[in-house]
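Enquirer: Each residue of the sequence shown is one higher than the one before, counting from 28 in my numbering. Note that CB positions come from ideal geometry on N, CA and C, so glycine has one too.
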Amino acid sequence: MSRQRRLVMIVLGLVVFYIGLWAASQWWEKALAIPYGDADISPDGCVRVQAFRPYWVLPNSFHPQFHPDDPQDLSWFIRWESPAFFRLYDNRDGQLLGESEIYDLTAHGAPVSWGSRGHPTVMVGLIQIGDLPPDCARNRPY
28 MSRQRRLVMI
38 VLGLVVFYIG
48 LWAASQWWEK
58 ALAIPYGDAD
68 ISPDGCVRVQ
78 AFRPYWVLPN
88 SFHPQFHPDD
98 PQDLSWFIRW
108 ESPAFFRLYD
118 NRDGQLLGES
128 EIYDLTAHGA
138 PVSWGSRGHP
148 TVMVGLIQIG
158 DLPPDCARNR
168 PY
């Protein structure tokens with residue numbers, strides 16, 4: 028094998044390795060994430076929202092950033108200040124009701140909005156997490 032061919036094979040192997048590492052990191056960034064702070068419990072006690080810090084091995088500039096209003100608007104090679112995502116749980120049985128994408132809380136975070144009868148979606152700032160269960164007090168028609 029010539030030296031040039033060996034160099035091409037090494038470079039190609041590294042590219043394949045890094046693409047595989049990036050693809051695997053898309054899974055483990057949420058699967059191995061640890062809770063961040065205490066959970067927020069809704070006023071009626073029906074659901075809770077837990078913030079998580081993603082488990083990132085690669086530098087944060089290799090993780091794309093979405094905009095909450097337009098999931099197709101993807102930005103690469105940016106500086107993350109406070110990356111996090113949220114999970115919405117039924118507080119009665121612990122069932123996962125929803126999960127957000129990873130967003131920069133500095134740009135898109137705010138207090139929790141617990142939804143209402145007309146709009147039963149739980150949000151943190153611009154970040155949509157999930158819908159309230161139909162039998163929750165805020166979601167019942169009166």
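Please report how far the alpha carbon of residue 204 lies from the alpha carbon of residue 129, in whole angstroms.
Expert: With the chain represented from 28 up to 169, any question about residue 204 goes unanswered, as that position is not in the structure.
Enquirer: Spatial neighbours of residue 88 within its chain, please: CB distance less than 6 Å, with the 5 preceding and 5 following residues excluded, ordered by chain position.
Expert: Cβ neighbours of residue 88 beyond the five flanking positions: 104.
Enquirer: Under the DSSP definition of a beta bridge, which residues are partnered with residue 106?
Expert: Answer is none; residue 106 lacks a bridge partner.
Enquirer: According to DSSP, which residues form a beta bridge with residue 61?
Expert: The partner list for residue 61 (beta bridge, DSSP) reads 80.
Enquirer: Look up residue 93 in the DSSP assignment and give the residues it is bridged to.
Expert: Residue 93 is bridged to 101.
Enquirer: Starting from residue 123, trace the beta strand (DSSP E) both ways and give me its first and last residue.
Expert: Start and end: 123 to 126.
Enquirer: The beta strand (DSSP E) with residue 150 in it runs from where to where?
Expert: Note, residue 150: beta strand (DSSP E), 148 to 151.
Enquirer: Could you tell me which residues DSSP pairs with residue 140 in its beta bridges?
Expert: Looking at the DSSP assignment, residue 140 forms a beta bridge with 150.
Enquirer: Would you mind sorting residue 79 into buried or exposed? The rule is 16 or more other CB atoms within 10 Å of its CB.
Expert: When all chains shown are included, residue 79 counts as buried.
Enquirer: What residue does the alpha helix (DSSP H) around residue 132 start on, and which one ends it?
Expert: Taken as a continuous stretch (DSSP letters only), the alpha helix (DSSP H) holding residue 132 covers 132 to 135.
Enquirer: Nearest CA to the CA of residue 100: which residue from 108, 106, 91, 107?
Expert: The candidate whose alpha carbon is nearest that of residue 100 is 91.
Enquirer: When DSSP labels each residue in this structure, what does residue 156 get in the three-state scheme?
Expert: In the structure shown, residue 156 sits in a strand (DSSP, three-state: E or B).
Enquirer: Could you check if residue 149 is buried or exposed, using at least 16 other CB atoms within 10 Å of its CB as the buried criterion?
Expert: Buried.
Enquirer: Of all the options 154, 144, 151, 123, which has the alpha carbon lying nearest to the alpha carbon of residue 161?
Expert: Of 154, 144, 151, 123, the residue nearest in Cα terms is 144.
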